[in-house]
Ligand SMILES: NC(=O)c1ccc[n+]([C@@H]2O[C@H](COP(=O)([O-])OP(=O)(O)OC[C@H]3O[C@@H](n4cnc5c(N)ncnc54)[C@H](OP(=O)(O)O)[C@@H]3O)[C@@H](O)[C@H]2O)c1
Ligand SMILES: NC(=O)c1ccc[n+]([C@@H]2O[C@H](COP(=O)([O-])OP(=O)(O)OC[C@H]3O[C@@H](n4cnc5c(N)ncnc54)[C@H](OP(=O)(O)O)[C@@H]3O)[C@@H](O)[C@H]2O)c1
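Protein chains in written order, with my numbering: chain F, 12 to 468; chain Y, 12 to 468; chain A, -4 to 97; chain P, -4 to 97.
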């Protein structure tokens, strides 16, 4: 590729960087994403113009098909299904890089060792990303059980698969042309490894898995960039790698668990039973009518949404109630925990969809200091992120995780279907506090009942 | 230079970057500076080892002499003279790059045009930086008058000098070997230009000048880096350039003036007279004894230091009074305006020297929201940075500049020698507010009198 | 690859990592879901490699299939990723903006 | 200089500028004076050029004078700059640290 066109790659990289920079504020984020996509378009155009390609026919077929499918998926998916869609896209990206590496080998089987090694690395990361992301997608969308699948001999089996892959990779890298069979075996093994590595991880940990796989694909892009001396790949790969690593770290920190605990411990395998059975205390239950009386008198209300809001698709009902409370003279804020829901920022996206202005969405650190002055805190389908055990009980598995301190509000109304546990599978003292009231039922139904009370009044 | 040694340059650049990153908190800043200096040491060692140098004799002489002078200057200078020391160092750096470029020409007079152009650029920026910084040093240290020196025909003269330099540069770049005379003329002209450009700028604007010259020398290093394909120069130059530009922008913004206003308007030429003469209102003056009574009863005290603190060297006395107030049960904070004093962060360094812990130093944005609850605000030699005209009087030259809102405290005690103006040369309504009390005299003397009152009590 | 080029590429890598960490650490938690889908879209830069593959496939059927499939999947990743991110970001409104809209 | 090298150097420049702005924008105003003197010290990297000059000066007296003077001045800038920055930063103490010291 000629010099001037290479300079365009600098511009592309700069647009990606600028896009990330503008993502630092909701007001500019959309423009940033558009600039980033402009950078991608430029990179594609430069690649098409700057290389002497044999035929554009298959390129056209692939791009048209991909654009239609991608656009439809992006437009049609429900906001609550965002985590699984990202997982699916991530898988496709992984498969694409596997195919590119495979093509490289297919067209020049006698690769030098260095190139063969990177072909192997691309296939490995791409394949694991592909099947791993598919499993993640299945677990997130409910097509597969979210429960960790554990079986005896699992760790030795995984270790065996990895060793076999490394041996195969070595054989392939040394003599690629003679080892076509080995290459095909590698293809199969990486696909298997992706499945094996992800099935023992609980459904709610899938966002961590996706972030991690995404960061690996960034690192793979970097490696490829060094091989084909393509700067834009190196830069993009570093950005994606950094983003994946930072998001993974944020999630682990907010759950107060180490990465290896997430990946290998089978966390969540006991979650459905929980300690609920041995509970002898009584939680105070209220009706929507009682809750209405409390809310009607409140001057300051904080909503704390959690995973249950997403399950019940209750974001619009929550917004409606919030608007009514504001009309009634109360100050209404939404307290968002960084890992509420099932992916980072999940609640923000849902509430934004329901038209809640982002200046009403407060981060945990902003809401906690003011909690003592809150009249009513309405917990909507959240559990672990408001569990006071994280602050007080050293033996609790979530001890040390920062929480939204709902229990410090004058009154707490908790909307969920039962006294059951959340993702971490542990009981929650909050339900039994003197100032707590349970409003049992589906979150959307409960919110709609409250909205009706307000409208009737 | 061989490959492996080139990799060391990456490490050097990384150490410079890490050094800047650690500068983001006072707790880690010192380690950052040490890492940065380690990077510099590495760069020097690699340069000495990796090139086949003819003789080390003159290098040794220069380095030993430079290290001794530099170390002595750094150890002996008073903290209040920091601005002029930085100006002086900056000038030396400029002269060094001028000399390197001159050497390049001296040893190979028949340079190609491209190299000759960069030699010219280096000489130009280096020379202007050198004499410009010397003038700045003179103004800051009081060896030259701080007043802007304006004379008729100044702008045409400067324009003429610049045109002459550009013509000379062109002649030199096209035929360097034949134009030794022209080169010597260029040397003289750049030195003259540095002086001409800086004398019309007021003494208090010198920090802006130094930042700007520093950022230019960064850009010059970048240019040189491209020429000799030295990556570490490019990276270092970019870092220095960015730092200079950001600091310049911060200062201009905090003064609410444009850069061109700072450089060309002769701001401050009327500052000593000011509007003080037409003032008919009476300011309420108090004695140290009266001030003691107010402070003794205060539960919450904020000190607002300004340029007068530096002039009076009153930082130790301020700390002593602060400690006594704390012992007396008051909460004591220091409200620091970003451009209080004569360089950014000036007050922080002085107070840190006097052992004020940095967690007591509050930024303007942190102190203003709490100002209404402050019992006594003690303004120590500050003037413009507490002038309420910046908030209310649209006609004021400082209108729009953010200030520390001392006037909102219950009582304000102002320590200065007169009702005279500060750097901006404008009167200050604060002195005449109902809740203001003037404590006239040198700031250090006033503070010591207060300390004595506390000790006697 | 010459030693000089290797040095320069490593330099680029180091600087890109620094810039990446600094920029992404500044993204507020409100925008972490769009960050995730957005950086996923950027990682679709493999599309560049896929284009080179599909454009030089020649007559080998397997090569054509591999190249075309790679382009399709990478395009889904890029187009879908950017569009879905755009759709999410479009929903983030300030109170004022929201009132102007309705 | 080959076109390829020029591209790589430009890339490095672009990334260094981005990293520089991000990092320096994060320096709190408390530390702006040390930032000023510290970045002034870094700009003494011209020392590298001065060393090359002084080390290859040969017998020409003017060249020797120029090279040696350049090394001296650049060294003053570097050594003085770092030391004075260190001296300033050493004074910044937390309340706790200060009490431990005394
Ligand atoms: N966000 C992330 O990035 C991320 C990533 C990985 C892991 N996690 C983990 O996920 C958890 C998130 O905490 P969370 O408080 O948001 O959720 P949670 O602790 O998982 O609790 C969700 C609660 O919602 C209730 N619920 C479910 N469907 C409902 C419906 N239709 N109506 C009303 N309530 C319903 C459930 O109680 P009932 O069954 O009684 O209704 C459940 O207790 C944390 O443990 C976090 O560490 C988060
Ligand atoms: N920090 C920077 O980076 C920077 C850069 C460029 C410009 N500036 C400008 O500098 C100004 C800084 O504001 P500032 O409030 O700190 O200072 P200022 O407005 O210049 O006022 C300083 C005051 O200190 C008093 N003073 C002088 N010597 C004193 C002594 N020995 N004892 C007691 N008082 C003494 C003077 O009043 P008396 O004569 O009555 O005593 C004078 O009014 C701003 O206008 C800013 O824009 C700052």
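Ideal Cβ positions, reconstructed from N, Cα and C, are used throughout, including at glycine. Since the structure is predicted, the reported quantities are computational estimates derived from the model, not experimental observations.
What three-state label does DSSP hand residue i in the structure shown?
i, result
"residue 158 of chain F", "coil"
"residue 82 of chain A", "helix"
"residue 276 of chain F", "coil"
"residue 115 of chain Y", "helix"
"residue 288 of chain Y", "Confidence at residue 288 of chain Y is low in this model, with a pLDDT of 49, below 50, so its placement is unreliable and the value that follows should be read with caution. Helix at residue 288 of chain Y."
"residue 427 of chain F", "strand"
"residue 305 of chain Y", "helix"
"residue 212 of chain Y", "coil"
Going by CA-CA distance only, name the one from the options that's closest to residue i.
i, options, result
"residue 45 of chain F", "A:44, A:88 and A:79", "A:79"
"residue 453 of chain Y", "Y:429, Y:418 and Y:410", "Y:429"
"residue 213 of chain F", "F:306, F:375 and F:434", "F:434"
"residue 123 of chain F", "F:403, F:369, F:185 and F:465", "F:185"
"residue 216 of chain Y", "Y:364, Y:346 and Y:353", "Y:353"
"residue 199 of chain F", "F:336, F:405, F:315 and F:109", "F:109"
"residue 15 of chain P", "P:4, P:34, P:2 and P:1", "P:34"
"residue 61 of chain A", "F:152, F:439, F:70 and F:405", "F:70"
"residue 230 of chain Y", "P:40, P:2, P:24 and P:27", "P:40"
"residue 392 of chain F", "F:450, F:98 and F:376", "F:450"
"residue 22 of chain P", "Y:327, Y:358 and Y:254", "Y:254"
"residue 15 of chain F", "F:57, F:33 and F:24", "F:57"
Counting contacts by CB-CB distance shorter than 8 Å, is residue i in contact with chain A?
i, result
"residue 455 of chain Y", "no"
"residue 41 of chain F", "yes"
"residue 10 of chain P", "yes"
"residue 59 of chain P", "no"
"residue 7 of chain P", "yes"
For residue i, decide whether its Cβ has a neighbour in chain P, counting only Cβ atoms nearer than 8 Å.
i, result
"residue 114 of chain Y", "yes"
"residue 37 of chain A", "no"
"residue 38 of chain Y", "yes"
"residue 74 of chain A", "no"
"residue 28 of chain F", "yes"
"residue 257 of chain F", "no"
Distance cutoff 8 Å, beta carbons only. Does residue i sit that close to anything in chain F?
i, result
"residue 56 of chain A", "no"
"residue 13 of chain P", "yes"
"residue 3 of chain P", "yes"
"residue -3 of chain A", "no"
Leaving out five residues before and five after residue i in sequence, what residues of the same chain have Cβ atoms less than 6 Å from its Cβ?
i, result
"residue 373 of chain Y", "344 and 346"
"residue 37 of chain F", "369"
"residue 83 of chain P", "29"
"residue 390 of chain Y", "315, 397, 417 and 425"
"residue 403 of chain F", "none"
"residue 88 of chain A", "none"
What do you get for residue i, buried or exposed, if any count of 16 or more other CB atoms within 10 angstroms of its CB means buried?
i, result
"residue 86 of chain A", "buried"
"residue 181 of chain Y", "exposed"
"residue 395 of chain F", "buried"
"residue 17 of chain P", "buried"
"residue 26 of chain P", "buried"
Within a Cβ cutoff of 7 Å, which residues of the same chain sit near residue i, ignoring the five residues on either side of it in sequence?
i, result
"residue 443 of chain Y", "292 and 294"
"residue 349 of chain Y", "261, 265, 355 and 375"
"residue 183 of chain Y", "127, 131, 190, 193, 194 and 197"
"residue 269 of chain F", "263"
Can you give me the Cβ contacts of residue i inside the same chain, cut-off strictly under 8 Å, excluding the 5 residues immediately before and after it?
i, result
"residue 47 of chain Y", "26, 27, 29, 30 and 31"
Taking 8 Å as the CB-CB cut-off, is residue i touching chain Y?
i, result
"residue 68 of chain A", "no"
"residue 18 of chain A", "no"
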